[in-house]
Amino acid sequence: MTKRKKYSKEFKLDAIALVVEQNYSQAEAARNLGVNPNMLGRWIKESENEDGHAFRGNGKLTPEQEEIRNLKAQVKRLEMEREILKKATVFFAKETK
2 MTKRKKYSKE FKLDAIALVV EQNYSQAEAA RNLGVNPNML GRWIKESENE DGHAFRGNGK
62 LTPEQEEIRN LKAQVKRLEM EREILKKATV FFAKETK
């Protein structure tokens, strides 16, 4: 089993620049860099679609993903608080009878 090769963000951006700015073909740039042409195409597509957030690395989230994570945590906390209040209401209703 071969280990996957990891490329740095700088390498990917330089490879994209060869195609986009210096007008190399994807195949030629990929051959010169020793990467698969399909991989280079995927990098180009990702850089176009991500608006500056491409190649963040492991664990680094876009601002939208970070907001979603925070909102999910807040929802979970509020649901727990609501359950506690429901149980307290039942408890105090029994005490007053």
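Throughout, my numbering is defined as the position within the sequence shown, counted from one, plus 1.
Just so it is clear, CB atoms sit at the ideal spot from N, CA and C, and this is done for glycine as well.
Nearest-angstrom Cα distance between residue i and residue j?
{"i": "residue 83", "j": "residue 67", "result": "24 Å"}
{"i": "residue 3", "j": "residue 63", "result": "30 Å"}
{"i": "residue 38", "j": "residue 23", "result": "16 Å"}
{"i": "residue 89", "j": "residue 95", "result": "10 Å"}
{"i": "residue 80", "j": "residue 5", "result": "42 Å"}
{"i": "residue 65", "j": "residue 97", "result": "48 Å"}
{"i": "residue 73", "j": "residue 93", "result": "30 Å"}
{"i": "residue 26", "j": "residue 32", "result": "10 Å"}
Could you name the residues of the same chain whose beta carbon sits closer than 7 Å to that of residue i, not counting the 5 residues immediately before and after it, in chain order?
{"i": "residue 50", "result": "none"}
{"i": "residue 17", "result": "44, 45, 48"}
{"i": "residue 28", "result": "38"}
Short check: CB of residue i to CB of residue j, under 8 Å?
{"i": "residue 20", "j": "residue 41", "result": "yes"}
What is the residue span of the alpha helix (DSSP H) that residue i lies within?
{"i": "residue 88", "result": "64 to 97"}
For residue i, which three-state DSSP category applies?
{"i": "residue 35", "result": "coil"}
{"i": "residue 5", "result": "coil"}
{"i": "residue 26", "result": "coil"}
Only counting the same chain, and skipping five residues up and downstream in sequence, which positions put a Cβ closer than 8 Å to that of residue i?
{"i": "residue 70", "result": "62"}
{"i": "residue 36", "result": "8, 16"}
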